[in-house]
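Report on the structure given below.
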Amino acid sequence: MLQNIRDKTQGWILWVIILILAFAFSLWGIQYYLEVRHHKEVAIKINKQSITQKQIDGVYQRLLRQKQAQLGSHFAMTRILETQLKAQAIRQTVIKQVLSDAAYHENFRISPQQIDMFIQQMPAFQQDGEFSINRFKSILSSLLYSEQEFFATIRTSLLINQVHVGITATSFVLPNEINDAFKLIDQRRSIAYLIIPRKRYLDNIKFADEALKKYYQQNITAFMKPEQVSVKYLLLSVNELKKKISLTSKELHDYYQSNIDNFSTPKRWQIKRIMFAKKPNQQQLNKAATTAFKQANEHWVTTTELGPQLTQTINELQVGELSQPIKTTKGYEVLKVLAVEPTRRIPFAKVADKVKQALAEQKAEQMFADQSDQLANLTFSNPNSLKPAAKALGLTIYTTGLFTRKGNTEALTKNQKVLTTAFSDNILKQKNNSDMLTLAPGTVVVLRIKQHIVAKPKVFAEVKKQILTKLKNKQAQADTQKFGKHIIALLRTGKDRQAIAKQFQMKWQVKDKITAHADSLPQAILAAAFKLPKPKSVKHLPIAGIGLPNGYAVVEVFAVDDGNIEPKQSAAYQAFKAEMENSLGEYTYELYVRGAVQQAKIKPKSIKEKVHL
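Numbering of the sequence shown is given in the working numbering, commencing with residue 1390 and proceeding in unit increments.
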C-alpha cells in the first residue's frame, strides 16, 4: 500500500503536498516561537535583574482575581479597569524588585529555614493545627502560583520586611518635639473674621447678550446634551421560571422520599466537654470524671457542630462513657455523652410547603441552565433581532427609557455591566445583540439597541440663564476678593478693625479660644486661622484672606494659648510618644522607598515615570 501511494505521488503533486506541509509547519513554528518569546521577553530591566512579561502577567492575573472576588456579581471588565490593573501590576513588580535589590545591597539576608518556618506557620495552610501540604498546593493553584514562584515571593517579602522593621522600629523623637506637638494639639486661638458675601455685588452686575453669546461659543462643549440610548432586552431568571412550574402530588412525594435527610431532625447528643492544655494522664481523667464534669455545662450538639473527627469519636461512645483525649488546635478535649436522640423523619404534611419550594427551585434551576444556553445561542445566531429567542423560549421583550452613561432611575440601568455594554461599539455601531450578561446568580439578560441619541450642544436660549448666572457669580467673586484685599491693606496700615467695619457697614465675628476642631465656624476660616503664625504684638497681628464658596473672608488672629504638656511618666505622654515614633518611622520608610526607586537603574526610562510614589 505504501509503495502504491509512493508510485502515485511523483512529480508536481508530490511537491505541492510537500510545500503545503512545510508552510503549515513553518506557521506553527512561528506561532510557537512568538508565544514563547512573549512569555520570555524581557519587559523591564531593574539594575541587573530582568523582569519578563510573564511575571508581570502573573501579577496582573492575581490582581484581576482579587478585584473579581471583591466585587462579585458587580464586577465588569472595562478598558479603564484593565489599564489600571496593568499599571498597578507594573508598579508592584518594579517596587518589589527595587526594594529587594536595595535590601540585598545593604547585606540583608533570608535563610531557607526562615522561609520554611514562615510558610509552615501561615494560618491559611493550617489544618487541625498543623501544616497541610495538600492545602498548601491547593491554595497556590487557586492563586496562580507555582511553588518556586511562591517561595521566591515569600523570600522577597521577608527580605523587604527586614528593612521596613529596621527603619520603623528604630525611629525616635526628641522630648522638645513631643512637647511642641502637645502644645499644638490642644492649642486655642482667639480670632476675628469678616465675611464679604458675594450677594453684596451680585445684584449690580449686568451682562449684554453679546457677552453671553461669546461665552457660549467659546465654551460650547460645556453645554452639551449627553449621549443617550434606550435598549430592548430579554430577561431570564430562576425566580420567573419558578412561577411557571406546576407540580403533581406524586412528584412532591417522590422528592420528599429521595431527599428525606433534608426533612428530618438530625441525630444529636447531649454532652459535657472539658479542655486540657496538655494531654491528660489516667489519674487526671479520673479526677475530671468526678469533679470537672460535674461542673461542666450540658448542651446538645449535631454532626454539623462537631465536625467529622469528633462525630466519629462520639458515635463510638456509650451514654455515660468518657472519650479518650482528642487533640485540637487549643489543646486536648475530653467528651462525655449524657443522652442520644436518633434521627427522626418529619411527616410530609408538616413540610409540604418546603418540599414544594425546594422541588420548584430545583426544576427552575435546571430549566434556567438549559434555557440560558439556548438564549445565548439564539441571540448569537440571530444577531439582528431578539424575536427568535423570545418566541422559542416564551420570553417577553422589554424596553427601557432613554438613559445616559450614568444610567437613570430604572433598576436595569443602575447595573455597570449593562451601562458598559449598552454604549459599546457592538451594540451602537454594529447593531448586534449583546453577549448574555449575568446580573446576579440566576438572572441573565441580553440587550440590543432601540434608540440612540448622540451628544449635541444645547441651543443658546436653553443655557442663556445658566451662563448669565455663572458669569455674574464669577464677577461677584472677583469683586469680593478685591474688596477683601483692600480691607487687609487697611488693617496692615494699623487702622482699627471696628472702624473699618463701621466705615463699610459690616460686622466682625469674634471667637475666643477655639480649637482646631471647632465646628462653630466655616472650616475654611478655621483652617486659615490655624495656619497663621502667632501674633508678635498687638500692632502686628497676622492676617489672611480666604476665598469662600459664596464670597471672601478676612481672618485675624489676636491671641494664641498653647496646650498643656503631659508629664513624661504619664500613660498619655508615652502613648503619644509611641504614636509619633511610629508615624515618623513610616514616613522615613516612605522616603527610603522613594529614594531607592529614584536611584535604581530602570529600563525603559518611561517605567520609572509611571511608578508614582
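Every residue, glycine too, gets a C-beta built ideally from N, C-alpha and C. What you are looking at is a predicted structure, and each value in this text was computed from that prediction instead of being measured.
By the DSSP assignment, the beta strand (DSSP E) with residue i in it spans what residues?
i	result
Thr1717	Ile1715 to Thr1717
Gln1617	Gln1617 to Ser1626
Ser1635	Element bounds for Ser1635: n/a, residue is neither H nor E.
Ala1432	Val1431 to Ile1435
Thr1977	That residue, Thr1977, is in no beta strand (DSSP E); its alpha helix (DSSP H) goes Ala1960 to Gln1988.
Leu1826	Leu1826 to Ala1829
Ala1728	Gly1720 to Glu1730
Tyr1787	Ile1786 to Thr1788
Val1690	His1688 to Thr1691
Asp1951	Neither: Asp1951 is in no beta strand (DSSP E) and is coded neither H nor E.
Distance check for residue j and residue i, CA to CA, integer angstroms please.
i	j	result
Ile1508	Ser1535	14 Å
Pro1564	Gln1473	44 Å
Glu1758	Lys1752	In the sequence as presented, Glu is not what sits at residue 1758; that position holds Ala. Going from the Cα of Ala1758 to the Cα of Lys1752 covers about 10 Å.
Ser1579	Ala1917	13 Å
Thr1785	Ala1728	58 Å
Met1895	Leu1910	18 Å
Ile1594	Gln1481	54 Å
Phe1849	Phe1596	15 Å
Val1425	Leu1641	Confidence at Val1425 is low in this model, with a pLDDT of 37, below 50, so the placement of that residue should be treated as unreliable; the coordinate-derived value is given next. Approximately 58 Å between the Cα atoms of the pair.
Gln1502	Pro1993	36 Å
Ala1738	Phe1652	11 Å
Ile1499	Thr1559	20 Å
Ser1647	Gln1516	34 Å
Tyr1421	Asp1824	Only weak support is given to the placement of Tyr1421: the predicted model assigns it a pLDDT of 35, under 50, and the value that follows is read from those uncertain coordinates. Approximately 31 Å, taken between the alpha carbons.
Ser1813	Gln1760	25 Å
Gly1831	Lys1745	19 Å
Thr1700	Lys1743	28 Å
Leu1423	Ala1458	Reliability of the predicted coordinates at Leu1423 is poor, the pLDDT of 35 falling under 50, and the value obtained from them is presented with this limitation in mind. Their backbone Cα atoms lie some 32 Å apart in a straight line.
Ile1877	Gly1934	8 Å
Phe1464	Lys1456	8 Å
Leu1828	Asn1608	39 Å
Looking only at its own chain, which residues have a Cβ that is under 8 Å from the Cβ of residue i, when we skip the five neighbours before and after it?
i	result
Val1843	Glu1616
Ile1402	In this prediction, Ile1402 scores a pLDDT of 41, lower than 50, which makes its location untrustworthy; no coordinate-derived value is stated.
Thr1788	Ser1619, Val1620, Lys1621, Tyr1622 and Lys1839
Asn2004	Residue 2004 is absent from the model: the chain starts at 1390 and stops at 2002.
Lys1384	The requested residue 1384 is not part of the displayed model; the chain covers only 1390 to 2002.
Phe1514	Ile1508, Phe1520, Ser1521, Arg1524, Phe1525 and Ile1528
Gly1974	Ile1556, Thr1557, Ala1558, Thr1559 and Ser1560
Gln1673	Phe1665
Would you check if the distance between the CB atom of residue i and the CB atom of residue j is smaller than 9 Å?
i	j	result
Val1949	Gln1576	yes
Tyr1582	Val1943	yes
Val2003	Ala1491	This structure gives no information on residue 2003, because the portion of the chain shown stretches from 1390 to 2002.
Phe1571	Ile1954	yes
Arg1657	Thr1680	no
Gln1805	Ala1781	no
Gln1510	Gln1438	no
Val1833	Leu1573	no
Val1552	Tyr1962	no
Val1723	Ile1663	yes
Leu1711	Phe1682	yes
Ile1856	Leu1470	no
Leu1775	Thr1810	no
Lys1631	Glu1799	no
Thr1702	Ile1715	yes
Arg1881	Ile1914	no
Gln1636	Leu1748	The question names Gln, but residue 1636 is Leu in the sequence shown. For Leu1636 and Leu1748, yes; Cβs fall inside 9 Å.
Based on DSSP bridge pairs, tell me the residues matched to residue i.
i	result
Gly1934	Val1943
Pro1846	Met1613
Pro1586	Gly1940
His1841	Val1618
His1929	Ser1926
Gly1796	Thr1793
Gln1516	Glu1519
Lys1863	Beta-bridge pairing links Lys1863 to no other residue.
If you drop the 5 nearest sequence neighbours on each side, which residues of the same chain put their C-beta closer than 6 Å to that of residue i?
i	result
Thr2042	Lying before the first or after the last residue shown, residue 2042 is absent from the chain, which here runs from 1390 to 2002.
Gln1840	Ser1619
Ile1585	Thr1869, Phe1872, Gly1873, Gly1940 and Tyr1941
Ala1905	Phe1919
Leu1529	Phe1539
Gly1984	none
Skipping 5 residues on each side, what residues in its chain have a beta carbon closer than 7 Å to that of residue i?
i	result
Ala1432	Ile1440, Thr1441, Gln1442 and Ile1445
Leu1930	Pro1924, Glu1945, Val1946 and Phe1947
Ile1996	Ile1433, Ile1479 and Val1483
Tyr1981	Ile1556
Within 8 Å: the Cβ of residue i and any heavy atom of the ligand MG?
i	result
Tyr1978	Although the ligand MG was asked about, the structure shown includes no ligands whatsoever.
Let's see if you can read the secondary structure: which residues bound the alpha helix (DSSP H) around residue i?
i	result
Glu1599	Asp1598 to Gln1607
Met1664	Taken as a continuous stretch (DSSP letters only), Met1664 belongs to no alpha helix (DSSP H), being part of the beta strand (DSSP E) at Arg1657 to Phe1665.
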